[in-house]
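Peer 1: Okay, handing you the structure first.
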Amino acid sequence: MLPRAEFVHWWFATGFLIIGLLLLAEAVVGEGVWRRRAWRQYLWPSFLFLMGVLMWPVMVFYTNSTIHMLAHGSWAQAMMLAGAAELGLARGKLHSPYWSLTTAGAFLVSAAAILLHEQNGWFYARAAFLHHALGWTFVVGAAFPFARAFRPGSVAVRTGLALVFVVTSVFLFSDRDVAPVFGHLSPLAGAQHR
Amino acid sequence: MESHFATEAVAQLRRRSLRAAAVNLIGPLTMLGGVAWAFLQPYRLTVLHPYGQGFWWLFSEPPLYVVLVGLGFALFLAPALLQDLEEAEDAPES
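Right, here's the structure in full:
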């Protein structure tokens, strides 16, 4: 009865796409215009927080191994912390732009979680390839939220942050449980799905 | 002086129209991406061949998700954002 892992990846891909588009729009119009309506400034931090909350059922129901449980659990906490900090900044309860570093931290925790819980090599199967690609995307992408803490008004930094979310979404949408990547599929991975 | 103000006004209008065009394009381009994906990989849309599919397979339609995200952006976010962009640009600088 449980949905396959690939379905869950696609749902999270949708969430990341929403966050990416919101951040992109914010980068295009600028923070001043974006904050003109109170509800708008809460949108992407709320989605980030919600995705952190939704990661808990993933941790509970997709416990393939201890390392999976630890990865999903740490990911859930990091996303919730980043979402909460960004909500605090949007509401004005938090003032220091350095709170944006929690998002950089969430990226690095996510990267570690993804890379450590993928035990297979890049070309084992598509899922393995995407886990490695996602992990390294987050490692490199952490530079954007890190830079945002020091240069919050930079359009390049904000656009870069948005694009990291969009790329993440594309990777997650590409995921299949057992599928080849660039023609490679380990015989140990099992029978290919449709 | 007048020509200086006119040049500034034209430059501001161009900047605004570029930003407005970018905001206007985000939703449709996202939808277009979803539609293009559906054409490239029609087997990802199980609603096109629904017989024998379980609930989760019918619920999970990734290209449709992308189209819906773009549609949601274009319908619910872009109009208010464009209005605010216009008002902010028209407001006198303090």
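Listed in order, the protein sequences are those of chains E and W. Numbering follows our numbering, with no gaps: position 113 of the first sequence is 1297. Numbering follows our numbering, with no gaps: position 29 of the second sequence is 13. We put the beta carbon where it would ideally sit given N, CA and C, even for glycine.
#1: Do you know offhand how far Tyr1282 of chain E's Cα is from Ser1370 of chain E's?
#2: Pick out whichever of E:Pro1229, E:Gln1303, E:Gly1289 and E:Ala1274 has its Cα sitting closest to the Cα of Asn1248 of chain E.
#3: How would you write the range of the alpha helix (DSSP H) that Ser1338 of chain E sits in, first residue to last?
#4: Can you check which of these residues, E:Ala1262, E:Ala1274, E:Leu1292 and E:Ala1288, is closest to Trp1223 of chain E by C-alpha distance?
#5: How would you list, in chain order, the residues of chain W whose beta-carbon sits under 7 angstroms from the beta-carbon of Gly1216 of chain E?
#6: Using DSSP bridges, identify the partner residues of His1368 of chain E.
#7: Need the endpoints of the alpha helix (DSSP H) that Gly56 of chain W sits in, please.
#8: Measuring only the C-alpha atoms, how far is Phe23 of chain W from Leu13 of chain W?
#9: Of all the CB atoms in chain W, is at least one closer than 8 angstroms to the CB of Ala1209 of chain E?
#10: Does the beta-carbon distance from Tyr1246 of chain E to Ala1189 of chain E come in below 8 angstroms?
#11: With distances taken Cα to Cα, identify the nearest neighbour of Thr30 of chain W among W:Gly17, W:Leu69, W:Pro46 and W:Ala20.
#12: Select from E:Pro1329, E:Val1365 and E:Gly1325 the residue whose C-alpha is nearest the C-alpha of Val1348 of chain E.
#13: If you check the beta carbons only, do Gly1204 of chain E and Val1350 of chain E fall under 8 angstroms apart?
#14: For Ser1284 of chain E, tell me which candidate among E:His1256, E:Phe1366, E:Arg1332 and E:Val1237 has the shortest Cα-Cα distance.
#15: Ordered along the chain, which non-local residues of its own chain (more than five positions away) have a Cβ less than 6 angstroms from that of Ala1269 of chain E?
#16: Going by Cα to Cα distance, which pick from E:Pro1229, E:Thr1198, E:Trp1306 and E:His1252 is closest to Val1365 of chain E?
Peer 2: Taking the definition as stated:
#1: Computed Cα separation, rounded: 44 angstroms.
#2: E:Gln1303 is the residue among E:Pro1229, E:Gln1303, E:Gly1289 and E:Ala1274 whose C-alpha sits nearest the C-alpha of Asn1248 of chain E.
#3: Membership of Ser1338 of chain E in any alpha helix (DSSP H) is not indicated, and neither H nor E is assigned to it by DSSP.
#4: Per the Cα distances, E:Ala1274.
#5: Within 7 angstroms Cβ-Cβ: Ala72.
#6: Answer is E:Val1365, bridged to His1368 of chain E.
#7: Looking at the DSSP string, the run of the alpha helix (DSSP H) that includes Gly56 of chain W is Pro46 to Gly56.
#8: Distance between the alpha carbons of Phe23 of chain W and Leu13 of chain W: 15 angstroms.
#9: It does: the Cβ of Ala1209 of chain E has a partner Cβ on chain W nearer than 8 angstroms.
#10: For the pair Tyr1246 of chain E and Ala1189 of chain E, the CB atoms are nearer than the 8 angstroms cut-off.
#11: For the residues W:Gly17, W:Leu69, W:Pro46 and W:Ala20, the minimum Cα distance to Thr30 of chain W belongs to W:Pro46.
#12: Minimum Cα distance to Val1348 of chain E is reached at E:Gly1325.
#13: Yes; because the gap between Cβ atoms is below 8 angstroms, this pair is in contact.
#14: Checked all of E:His1256, E:Phe1366, E:Arg1332 and E:Val1237; the closest Cα to Ser1284 of chain E is E:Arg1332.
#15: These residues qualify, in order along the chain: Trp1283 and Thr1286.
#16: It is E:Trp1306 whose Cα lies nearest to the Cα of Val1365 of chain E.
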